[in-house]
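Please read the structure below before turning to the comments.
Numbering (the working numbering), first residue to last: -3 to 194.
Here's what the structure looks like:
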């Protein structure tokens, strides 16, 4: 029942001492009794309040935890860990593939405020949102965009060219320097079809 940091140290010392001095005694303990002791110890390690809180807060993370626990019981440990990591990655990509986009109209401008990175998983979603705009000036408020990868750069260039053929403009407002730098790399600053505003 001890909870101080030294409790773990003393517990480890007692286990080490018993493993060295009492190893021969362990062979006399019946296996069912040893299994029951191990299960009792494991049950004490389960954070039941944390599991209930996880279920209330995030069903996706609860599912990942439940899948990993089930896989640990049914599969090899390494495979179970891979299953948990892959499930976690799936939910992460699902969540980030649809960044938060707020959209409104200001005169002849359609403004889209994008919250999150523009990467291969989110490019198609953002492209669909851009294709639904009708204003002469399509403005992306890029203040919250921290990162953009090649597929995001290529998609914005394609959309800027498509809008340009219609006599419309694609403008990035409040973009971070690293985002502007990535967008200028594809065709050079002089040929970049996207306009930038502060």
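Just so it is clear, CB atoms sit at the ideal spot from N, CA and C, and this is done for glycine as well.
Here residue 108 carries a strand assignment [DSSP, helix/strand/coil]. Contact between the region 75 to 82 and the region 54 to 66 is present: 3 or more CB-CB pairs across the two stretches fall below 8 Å.
Counting only runs that start and end inside the region 109 to 161, the alpha helix (DSSP H) elements of at least 4 residues fall at 116 to 127 and 146 to 161.
If you look at residue 193, you'll find it in the beta strand (DSSP E) that goes 191 to 193. For residue 97, the enclosing beta strand (DSSP E) begins and ends at 96 to 102.
Contact check for residue 114 against residue 160 fails: the beta carbons are separated by 8 Å or more. Secondary-structure assignment with DSSP links residue 167 through a beta bridge to 135 and 191.
When 180, 163, 126 and 134 are compared, the shortest CA-CA separation from residue 144 is found for 180.
Taking C-alpha positions only, residue 52 is separated from residue 8 by approximately 35 Å.
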